[in-house]
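Take the sequence shown: its letters are residues 1 to 504, numbered as in full-length UniProt numbering. All C-beta atoms in this analysis are idealised placements derived from N, C-alpha and C, irrespective of residue type, glycine included. Predicted model only: the values in this text are computed from it and were never measured.
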Amino acid sequence: MGRDAIPNRKTLRLPRRRTLGAAVLFALPGIAVLGLLALTGALSPGWLAFPLSLALVGAAALLLRPHLRDLYAVELTMRTLADGRGRAAAVPDIVYSAAARAQMSALMDLRRAHDQRVAALAERAESDALIVDGLSDPILLVDTDGLVTRVNTAARVQFGRDGVGKPLTLVLRDPRVLAAVEAVLAGRPGQVVQMTLPGAVEREFEVRVGPLAQPDRQGAEILVSMHDVSKLVRLERMRADFVANASHELRTPLSSLVGFVETLMGPAREDAEAHDRFLPIMLDQGRRMQRLVEDLLSLSRIEINEHSVPTETVALPDLIQRIARGMELKCQAKRCAIVFDLDPDLPPVIGDADQLSQVFQNLLDNAVKYGRRDSTVTVTGRVVEQGPAGMPMAPHGAPHGPPHGPRRGPCVRVSVRDQGEGIAREHLPRLTERFYRVDRARSRQMGGTGLGLAIVKHVLARHRGMLVPDSVVGEGSTFTVYLPAAHRQADSAARSTSQMPAAG
């Protein structure tokens, strides 16, 4: 019989000492009677008591042996199951003892229930492990020696290696996290600390360090979970920067206005020359504040409606040419021309005409403003089979695409290209940030608020479109707008003539 098997009655070897001891105890009353009879002379000759006693013991052994074997089988089965080596499905044969049979049946029922609970717990543990591995937050378990006993998939991806069996100090080098782990190991309550992971893109984590309810099988007692709060930190920084920048943008013209007003109310009250010199400056500063407030309000309105997809049909050629006609005076002052190269079959887009006017007003205004004198601003419009990667989902009624990746279905692509000084490539990713300026002094001198491209970005986000800037220093910049095309049965008003100069 193997060590891991439930005892088999046919191959079971009952120890002789157990059989002999039980037989002697069972025959003891008879042996006592025989001895008494021999002592009183009732049994003659007296020596017959000895063989008769042996016969009683032998008969008792023969009678008890099957029952003892059943009980011994129960005992061995209990020991085997208690050690976790046997299986509850294998039941030894219990032939003679009804009590042993009932005991064995109850024992096997108990073992089956135990096996079911163990299986359920193992399944739950496996399910929990899958859930933990599926979490996007890196998780590490640490034992009392500071060794990592387990990590989930996110932790392996984050740290680029499996740190199991290694000291936590080699996996996480942040002193705040290590100090929190030491504090929890010393019996203090759980802690939450901030951690920064350096890299090509710096990431911020909120790290929770706390004790486990009870140690696991590997001896882990500390749970370290890391939640990526990089986006929240960036948003908070952007909010703080926005408040600081908005305050600065308003404070500068306000300070100028207050200074000029105090001067005109004081020493220069009767000075006509000072009036003629200061009042135009005050008007310019007032208009600067007015533009800033209008842009802030416009940006706020756009953000409020950003998740409300527009439903109107807009013919972009008509809209853009109307904007260009309104810029004739600016073009004449700069001696530049706006030239159109629009596909005559350019379809309409689904959008908000007023907001799309803001988009192309900003782009054309920037192209004229930052282009060289005696240069050309070129507006190109084409239909493309799909938009660029990163374009959001299409609005209702337009061809749908995945949330990320190239758009499936036609898009309208409109590019505004100037012949200015160009923008260095390191500035391109930040152009749509609020108040971001490549050249702050030049932007303010030209009347910019630093919010124009931020407005463009949010309008296009509402339209499920995208802005792609490109620039070459010394040659100029190109800002390309992608918008989902509406259905082809839009009316013919969407068409425009090619190569038609609008202003110059």
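| field | DSSP bridge partner residues for Ala-485 (one or two, in chain order) | value | Val-349
| query | If you check the beta carbons only, do Ile-338 and Ala-315 fall under 7 Å apart? | reply | no
| field | Entirely enclosed alpha helix (DSSP H) segments - the stretch 239-312, minimum 4 residues | value | Listed in chain order, the complete alpha helix (DSSP H) runs (minimum 4 residues) inside the stretch 239-312 are 272-304.
| task | Note down, in chain order, each residue of its chain lying with its Cβ closer than 8 Å to the Cβ of Val-233, except the 5 sequence neighbours on either side. | result | Glu-204
| request: Note the first and the last residue of the continuous beta strand (DSSP E) segment covering Glu-221. | output: 220-228
| message | Would you call the stretch 238-246 in contact with the stretch 266-283, where contact means no fewer than 3 C-beta pairs closer than 8 Å? | response | no
| query | Would you call the CB atoms of Leu-346 and Gly-381 closer than 7 Å? | reply | yes
| Would you call the stretch 326-335 and the stretch 282-299 in contact, with 3 or more CB pairs under 8 Å? | no
| Beta carbon of Ala-213, beta carbon of Leu-141: below 7 Å? | For Ala-213 and Leu-141, no; Cβs fall outside 7 Å.
| query | Can the beta-carbon of Thr-313 be found less than 7 Å from the beta-carbon of Pro-348? | reply | A distance below 7 Å separates the beta carbons of Thr-313 and Pro-348.
| query | Just the Cα atoms here: how many angstroms apart are Gly-405 and Gly-387? | reply | At Gly-405 the pLDDT is 46, less than 50, meaning the model places this residue with poor confidence; the figure from the coordinates comes in the next sentence. Going by the C-alpha atoms only, they are around 9 Å apart.
| task | Pull up the distance between the alpha-carbon of Ala-486 and that of Leu-460, whole angstroms please. | result | 15 Å
| If you pair each beta-carbon of the stretch 103-117 with each one of the stretch 178-192, do three or more pairs fall below 8 Å? | no
| field | Burial state of Gly-450, where buried means 16 or more other Cβ atoms lie within 10 Å | value | buried
| query | Which two residues bound the contiguous alpha helix (DSSP H) that contains Val-171? | reply | DSSP places Val-171 in the uninterrupted alpha helix (DSSP H) bounded by 168-171.
| Three-way DSSP call (helix, strand, coil) for Ala-88 in this model | For Ala-88, the pLDDT reaches just 48, beneath the cut-off of 50, and the residue's location in the model is therefore unreliable, leaving the point undetermined.
| query | Between which two residues does the beta strand (DSSP E) harbouring Gly-165 extend? | reply | Counting along the chain, Gly-165 falls outside any beta strand (DSSP E), and DSSP gives it neither H nor E.
| field | Contact under 7 Å by Cβ, Val-171 with Val-192 | value | With a cutoff of 7 Å on beta-carbon distance, Val-171 and Val-192 are scored as not near each other.
| field | Rounded straight-line distance, which links the Cα of His-275 to that of Val-473 | value | 43 Å
| said: Check this for me: beta carbons of Gln-285 and Leu-264, under 7 Å apart or not? | reply: By the CB criterion at 7 Å, Gln-285 and Leu-264 fall outside the cutoff.
| field | Candidates Leu-483, Glu-182 and Ala-180: closest to Pro-410 by CA position | value | Leu-483
| Where the beta strand (DSSP E) through Cys-411 begins and ends | 411-417
| What are the partner residues of Phe-340, as DSSP defines its beta bridges? | Val-379
| query | Quick one: does Thr-449 have its CB under 7 Å from some CB of chain B? | reply | Protein chain content of the structure displayed is limited to a single chain, and chain B is not contained in it.
| query | On the three-state DSSP scale, how would you describe Leu-54? | reply | helix
| request: Note down the Cα distance separating Arg-17 from Leu-37, rounded to an integer number of angstroms. | output: 29 Å
| field | Beta-ladder partner(s) of Met-108, from DSSP | value | The partner list for Met-108 (beta bridge, DSSP) is empty, contrary to what the question assumes.
| field | Helix, strand or coil at Arg-79 [DSSP, three-state] | value | helix
| task | Just grab the DSSP bridge partners of Ser-127 for me. | result | Answer is none; Ser-127 lacks a bridge partner.
| query | How would you label Ser-247, buried or exposed, when you count the other beta carbons within 10 angstroms and need 16 or more for buried? | reply | Per the 10 Å Cβ criterion, exposed.
| request: Could you give the DSSP three-state label for Asp-439: helix, strand or coil? | output: coil
| query | Is any heavy atom of the ligand NAP found at a distance shorter than 6 Å from the C-beta of His-114? | reply | The ligand NAP is absent from the structure shown, which contains no ligands of any kind.
| message | Could you compute how far the alpha carbon of Ile-31 sits from the alpha carbon of Pro-45? | response | 16 Å
| query | Within 10 angstroms of its Cβ, does Phe-50 collect 16 or more other Cβ (buried), or is it exposed? | reply | exposed
| Given a threshold of 16 other Cβ atoms within 10 Å of its Cβ, counted over all protein chains shown, does His-307 qualify as buried or as exposed? | exposed
| What is the DSSP secondary structure of Thr-478, counted as helix, strand or coil? | strand
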